[in-house]
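Quick note: the sequence shown uses our numbering, first residue 12, plus one each step.
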Amino acid sequence: MRVAANGRSALIVVDMQNDFCEGGALPVKGCSEIAPKIGELVRRFTNAGLRVYASRDWHPPNHMSFRERGGPWPPHCVKGTKGAEFHPATGLPGNAIIISKATEPDKEAYSAFDGTELHYLLSKAGIRRVFVVGVATDYCVRATVLDALALGYEAVVLVDLTRGVTEEGVEKALKEMLREGAVLATTDEVELP
Ligand code: VGL
Ligand code: ZN
Numbered sequence: 012m013r014v015a016a017n018g019r020s021a022l023i024v025v026d027m028q029n030d031f032c033e034g035g036a037l038p039v040k041g042c043s044e045i046a047p048k049i050g051e052l053v054r055r056f057t058n059a060g061l062r063v064y065a066s067r068d069w070h071p072p073n074h075m076s077f078r079e080r081g082g083p084w085p086p087h088c089v090k091g092t093k094g095a096e097f098h099p100a101t102g103l104p105g106n107a108i109i110i111s112k113a114t115e116p117d118k119e120a121y122s123a124f125d126g127t128e129l130h131y132l133l134s135k136a137g138i139r140r141v142f143v144v145g146v147a148t149d150y151c152v153r154a155t156v157l158d159a160l161a162l163g164y165e166a167v168v169l170v171d172l173t174r175g176v177t178e179e180g181v182e183k184a185l186k187e188m189l190r191e192g193a194v195l196a197t198t199d200e201v202e203l204p
């Protein structure tokens with residue numbers, strides 16, 4: 012299968028931050044492995060003149076998703092820390108547009124659209140199709156893709172450049188995204204203009 016990217020396409024890189032990669036506070040298995048490959052794809056989109064958006068989990072130190080506040084996660088991606096920086100192998104931010112999310116202490120936001128300007132920026136740029144990569148497949152990638160579809164975008168998930176927290180979670184998330192209309196593809200199937 013070939014999936015075309017054209018002038019109305021953009022790449023969304025979800026949460027490729029140190030804390031989600033090996034050695035970080037909330038490591039997602041395989042995150043470091045996909046980081047340089049995502050870096051390569053970012054370069055290809057950029058060289059083709061297409062926009063790249065990079066979301067980042069950007070929590071205050073007292074975020075409600077942290078265990079000390081009764082949340083499910085160890086503290087991670089605290090704004091301004093090394094753990095919240097993009098993995099160096101991604102080459103981000105470069106020319107990418109940064110989308111910070113989950114910045115409010117009392118609100119969780121898994122989706123890159125939740126409480127951000129992403130929809131405004133994409134629609135202003137005339138974007139119709141988004142290619143999504145990053146972590147975690149079963150949390151922020153899932154939520155971002157489902158929101159994109161609900162907002163009327165075509166969403167292509169490049170499954171070889173996503174990694175998730177649990178295997179069961181990934182399987183369930185992929186099915187759900189597919190059911191809601193996402194296209195699941197691999198990076199070698201992407202045709203850039
Ligand atoms: C994420 C867990 C907690 C994600 C963010 O980026 O998928 N997961 N915060
Ligand atoms: Zn988080």
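By construction, the Cβ of each residue, glycine as well, lies at the ideal position given by its N, Cα and C atoms.
Identify whether V152 lies in helix, strand or coil by the three-state DSSP scheme.
helix
Go through its chain and collect everything with a Cβ distance to Y121's Cβ below 6 Å, but skip five positions before and after it.
Y150, C151 and A154
In chain order, what residues of the same chain lie with their CB nearer than 7 Å to the CB of G137, ignoring the 5 residues before and after it?
R19
Count the C-beta pairs between the region 39 to 49 and the region 81 to 88 that are closer than 8 Å, then say yes if the count reaches three, no if not.
no
Using CA coordinates, which residue listed in H98, G105 and H70 is at the minimum distance from R54?
G105
Quick one: Cα of H87 to Cα of V24, how far?
18 Å
Can you find the residues in the same chain that come closer than 7 Å, C-beta to C-beta, to P116, ignoring five residues on each side of it along the sequence?
P71, N73, H74 and M75
Between I108 and the rest of its own chain, which residues show a CB-CB distance below 8 Å, the 5 nearest in sequence each way excluded?
R62, V63, Y64, A65 and L132
One question on the structure: do R190 and Y164 come within less than 9 Å of each other, judged by their Cβ atoms?
no
Leaving out five residues before and five after V156 in sequence, what residues of the same chain have Cβ atoms less than 7 Å from its Cβ?
V143, A166, V168, M188 and A193
Excluding the five sequence neighbours on either side, which residues of its own chain have a C-beta within less than 6 Å of the C-beta of T101, listed in chain order?
M27, A46, I49 and G50
Are F56 and L172 close, meaning C-beta to C-beta below 9 Å?
no
Using the beta-carbon count (16 or more within 10 Å), is G175 buried or exposed?
buried
Look at G126 and G35 and say whether their C-beta atoms are less than 9 Å apart.
no
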